[in-house]
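Residue numbers (our numbering): 1126 to 1536.
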């Protein structure tokens, strides 16, 4: 269903509850893939490039943790057992605990290090504890992946550090996430832990959605330069649990926004189904976008703050309110129109958006001046120096890619 058609058919009150009707942009990324799954039934509510091979990065550790939970449930491991760090484990690249060779941590500490810090050294140490060597453990990882139905996954290490052989898909990661909570619910709380203290060191979970999004209670994030920003999350509302996987996000913020919008839209579909509406997939709430994910502008713009923000369609600017007795505004001088491409809480985020627009739409913006203009406690990403026609053309180019844009009249 086209976005305009859906919007026309949806009451304003309902629109406010559907993330698609908020201010949207498309983050262009050839690495993007996503899926939304009903955790109870396994039904796929939404998918985009879900079977395309991607680098899982640190989400790999969900399989390492799955095998750790398996060993705990069978009695092969106990939470207070010691996990010794070999020279190989200690030599892993950050992020890591920094435990020296020969030193050890408890199984419980190693689990927490993986789920919160995404510690690469702890993952390898645990792999060696269970498998004897990391290579033997990765063989177990691949065997279990096939048994779980992860048909397009191959693990090359226990932590997800860069390796061209370490491949998975959004669908397979959703399968793994669902299996972890289904098969070992007694250990799922580790994915919900927001922080832990290790030898006096405070460690905060890399998954910011645990604190920022109501109902989200796990799982794992990941990032490498090759993979982009990845996340697998699960959340519960009204007794319904969904799993969302987003791979290849261009930034951490945009990845989290996209995951949140997919999650909220999935919940909306489930709610409307329960009310008797015949919705089949959450994709009905999204305009297909071949160049990347559908996401909102950076979360620094705020969620509640955006309820009153009006983004105008540049193809038909709304009439300005007339004040009785006020003379008509004189015609604007040429080359003084502007284009606003976002509003942010920090100057750095505004500049990042300016750079993104310049990089992707240079033909329209190279001759304009981009600046992060302070507006109260926020910063607007604005390009100036357009004629009226140029400003509209530039905004049309952004709108075609689902990027937020508003023409700014000369002051």
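Built from N, CA and C at the ideal position, the CB exists for glycine as well. As the structure is a prediction and not an experimental result, all values here were calculated from the model.
Item                                                                                                                                                                                 : Value
List the whole-angstrom C-beta distance separating residue 1181 from residue 1374, where the pair is believed to meet the contact cut-off of C-beta under 8 Å.                       : Actually they do not touch by this definition, with Cβ atoms about 13 Å apart.
Going by Cα to Cα distance, which pick from 1259, 1463, 1476, 1500 is closest to residue 1518?                                                                                       : 1463
Short of 7 Å in beta carbon distance, which residues of its chain neighbour residue 1384, apart from the five on each side in sequence? Order them along the chain.                  : 1334, 1356, 1358, 1369, 1371
Would the region 1187-1202 and the region 1221-1231 be scored as touching if the rule is three or more Cβ pairs under 8 Å?                                                           : no
Looking only at its chain, what residues have a beta carbon closer than 7 Å to the beta carbon of residue 1214, apart from the 5 residues adjacent to it on each side?               : 1246, 1249, 1250, 1253
Which whole-angstrom value describes the C-beta separation of residue 1551 and residue 1467, a residue pair presumed to lie in contact below a C-beta threshold of 8 Å?              : Because the chain in this structure spans residues 1126 to 1536, residue 1551 falls outside the shown range and cannot be described.
If we count Cβ pairs, one from each stretch, closer than 8 Å, do we get three or more for the region 1300-1311 versus the region 1266-1282?                                          : yes
Over the uninterrupted beta strand (DSSP E) stretch that includes residue 1354, give me the two end residues.                                                                        : 1353-1362
Kindly give me the distance between the Cβ atoms of residue 1240 and residue 1316, rounded to whole angstroms, as I take these residues to be in contact under 8 Å.                  : 5 Å
Looking only at its chain, what residues have a beta carbon closer than 6 Å to the beta carbon of residue 1513, apart from the 5 residues adjacent to it on each side?               : 1462
Run through DSSP, which three-state label would residue 1172 get?                                                                                                                    : strand
Just the C-alpha distance for residue 1354 and residue 1382, rounded to the nearest angstrom, thanks.                                                                                : 12 Å
For residue 1513, list the residues DSSP reports as bridge partners.                                                                                                                 : Residue 1513 is not bridged to any residue.
Taking all protein chains shown into account, do 16 or more other C-beta atoms lie within 10 angstroms of the C-beta of residue 1591, making it buried, or fewer, making it exposed? : For the chain, the structure presents residues 1126 to 1536; residue 1591 sits outside this window and is missing.
Between the alpha carbons of residue 1433 and residue 1521, how many angstroms are there, rounded?                                                                                   : Because the pLDDT of residue 1433 is 29, which lies under 50, any placement of that residue in the model is unreliable, and the question is left without a value.
Would you say residue 1377 touches the ligand ADP, meaning its beta carbon is less than 7 Å from a heavy atom?                                                                       : This structure does not include the ligand ADP; it has no bound ligands of any sort.
So what's residue 1465 in DSSP terms, helix, strand or just coil?                                                                                                                    : strand
Any Cβ of chain C within less than 8 Å of the Cβ of residue 1520?                                                                                                                    : Here there is only one protein chain, and chain C is not present.
Just to confirm the assignment, what range does the alpha helix (DSSP H) spanning residue 1391 have?                                                                                 : 1377-1399
Could you give the residue range of the beta strand (DSSP E) that holds residue 1159?                                                                                                : 1158-1163
Return the CA-CA distance between residue 1164 and residue 1528, expressed in angstroms with no decimal places.                                                                      : 31 Å
Can you tell which of 1306, 1238, 1361 has its C-alpha closest to the C-alpha of residue 1329?                                                                                       : 1238
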